[in-house]
Amino acid sequence: MKTIIIILLALLIIFIININEKFMDFDPSEWFRRNNIPESIWWNATRRTRNMSYDLRGDPLIN
Numbered sequence: 483m484k485t486i487i488i489i490l491l492a493l494l495i496i497f498i499i500n501i502n503e504k505f506m507d508f509d510p511s512e513w514f515r516r517n518n519i520p521e522s523i524w525w526n527a528t529r530r531t532r533n534m535s536y537d538l539r540g541d542p543l544i545n
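Numbering (the numbering used here), first residue to last: 483 to 545.
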């Protein structure tokens with residue numbers, strides 16, 4: 483019984499690692515091309531937040 487649990491845990495760890503690698507390789511440009519969405523929508527929406535500064539809690543600093 484212990485060996486079955488160990489094997490299942492090992493398979494679960496391998497599965498989680500594979501899922502993480504897929505998310506790490508995400509390319510938004512490719513996703514936009516596949517869905518026929520202009521990239522400018524994304525870049526215009528994120529332009530204001532790209533150079534923002536944050537405090538240690540993660541809240542944005544307002545000057």
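No residue lacks a Cβ here, since even glycine has one placed at the ideal position from N, Cα and C.
Note that this is a predicted model, so its numbers are computed, not measured.
Residues of its chain near residue i, where Cβ-Cβ distance is below 7 Å and the 5 sequence neighbours each way are ignored
i: residue 491; result: none
Straight-line Cα distance separating residue j from residue i
i: residue 498; j: residue 514; result: 26 Å
i: residue 486; j: residue 493; result: 11 Å
i: residue 511; j: residue 518; result: 10 Å
i: residue 500; j: residue 539; result: 31 Å
i: residue 488; j: residue 496; result: 12 Å
is_contact[residue i, chain C] using C-beta, thresh 8 Å
i: residue 520; result: The chain inventory of the structure shown lacks chain C, comprising one protein chain alone.
Span of the alpha helix (DSSP H), counted from its first residue to its last, around residue i
i: residue 539; result: Looking at the DSSP string, residue 539 is not in any alpha helix (DSSP H), and its letter there is neither H nor E.
i: residue 520; result: Per DSSP, residue 520 belongs to no alpha helix (DSSP H) and is neither H nor E.
Residue i CB to nearest heavy atom of the ligand MN below 7 Å
i: residue 496; result: This structure simply doesn't include the ligand MN, nor any ligand for that matter.
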